[in-house]
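First the structure, in the form of structure tokens, and then the observations on it.
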Amino acid sequence: MVLTVKDAIEQEKNLSEFIPFVEIAIQVKQLPFHHQVAFFCSCCERMLPIWTLIDGCDDSLDMSNLRATMDELWQIAGGMDIQELEIESLTEKIATSIEDYEYNYSNDDDCEEIHKQAISLATHVSDMLNQVVGYVVITLSDPLSDNKINLFLKIFVTLIFTIYEYLDIHFYSLDSLWELKKSRKDQDVIFLNHLLTQSELKKEQSDLNFLTRTLDLTPELLSEFRAKSCPNGVSVLGSIDKVRATLS
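Converting from the sequence shown to our numbering requires adding 146 to each position, the first position being numbered 1.
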């Protein structure tokens, strides 16, 4: 299937106001499978620091399962045969854990709002990893599956709405009435043109350019690509210290 902007928006209407991401998605769709995995791994690396927002909330919610899943995905990008059951069990374990934790906190009237917001943002990290894993599994086991393109686009939606949710919190912290002053369309324009969103778009375009001109992802090139995927540990939300300050 040749993906078009119209097709993508029909599949995922949440992408309708974020056409630059749709255009990147279409180009990524044309890459070889292992290059696609490398692209999504780079995106996930910039999502991963968000998980540290919940450090100290619960000892069971460490990053080891997420990191193990990331390591597996990078190996798959390098051509390793997928260990489907192992990688699925890792992501399912962490997804179940965070979902249970989010439910408990969201229903706890005594829970501080900062913890609820941190958990909500962190949930996107495990969601995105699960979607990437799902896309990998389906592509290798059933390339013609109808769910394949849905998962592909949801990966982009998850990343965009992680930024979207954080910016919503950020603007609310500046003006609690800001949503009432702006229509949803105006909000989308503000979010799309915000520095965080534009920085992510610039990085994704840079990754896409590299992968497009690199036919053979040698171990050396892939290692270099991974090292540059999350420069200085800065997440898609920028500095995690600044995020914490906004939440507090």
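Note that CB positions come from ideal geometry on N, CA and C, so glycine has one too. Keep in mind it's a predicted model, so treat the numbers as computed, not measured.
Please list the terminal residues of the continuous alpha helix (DSSP H) segment that includes D153. Mapped onto the sequence shown, residue 153 falls at position 7. Element bounds for D153: 151-157.
Out of W220, T392, G225, D217, state which residue places its alpha-carbon closest to the alpha-carbon of E311. Position 165 of the sequence shown, counted from the start, is the residue given in the question as residue 311. When C-alpha distances from E311 are compared across W220, T392, G225, D217, the shortest belongs to T392.
Taking its Cβ as the centre, do 16 or more other Cβ atoms sit within 10 Å of D273, making it buried, or is it exposed? Position 127 of the sequence shown, counted from the first residue, corresponds to residue 273. Buried, since its Cβ has 16 or more Cβ neighbours within 10 Å.
Can you give me the Cβ contacts of S319 inside the same chain, cut-off strictly under 6 Å, excluding the 5 residues immediately before and after it? As a first step, residue 319 is located in the sequence shown; it is residue number 173 there, counting from the start. Closer than 6 Å at the Cβ level, and outside the excluded window around S319, lie T392.
Taking 7 Å as the cut-off, decide whether the C-beta atoms of L236 and L357 are in contact. Along the sequence shown, read from residue 1 onward, the residue named residue 236 stands at position 90. Along the sequence shown, read from residue 1 onward, the residue named residue 357 stands at position 211. Result no, Cβ atoms of L236 and L357 do not sit closer than 7 Å.
Can you name, in chain order, every residue of its own chain whose Cβ lies under 7 Å from the Cβ of A268, other than the five neighbours on each side? As a position in the sequence shown, residue 268 is number 122, starting the count at 1. These residues qualify, in order along the chain: I196, W197, L199, I200, I244.
In whole angstroms, what is the alpha-carbon distance linking V335 and L313? Taking the sequence shown and counting its residues from 1, one reaches residue 335 at position 189. Taking the sequence shown and counting its residues from 1, one reaches residue 313 at position 167. Roughly 12 Å between the two C-alpha positions.
Using only the alpha-carbon positions, how far apart do N355 and V303 sit? The residue you call residue 355 lines up with position 209 of the sequence shown. The residue you call residue 303 lines up with position 157 of the sequence shown. Those two C-alpha atoms are separated by around 21 Å.
If you drop the 5 nearest sequence neighbours on each side, which residues of the same chain put their C-beta closer than 8 Å to that of V380? Counted from its first residue, the sequence shown places residue 380 at position 234. Excluding sequence neighbours, V380 sits near R192, P195.
Do C186 and I284 have their C-beta atoms within less than 7 Å of each other? The count along the sequence shown starts at 1 and reaches residue 186 at position 40. The count along the sequence shown starts at 1 and reaches residue 284 at position 138. The question names Cys, yet the displayed sequence has Phe at residue 186. Cβ distance not < 7 Å, so F186 and I284 don't count as in contact.
Find out if the Cβ-Cβ distance for the pair L286, T215 is shorter than 7 Å. As a first step, residue 286 must be located in the sequence shown, where it is residue number 140. As a first step, residue 215 must be located in the sequence shown, where it is residue number 69. The Cβ atoms of L286 and T215 lie no closer than 7 Å to each other.
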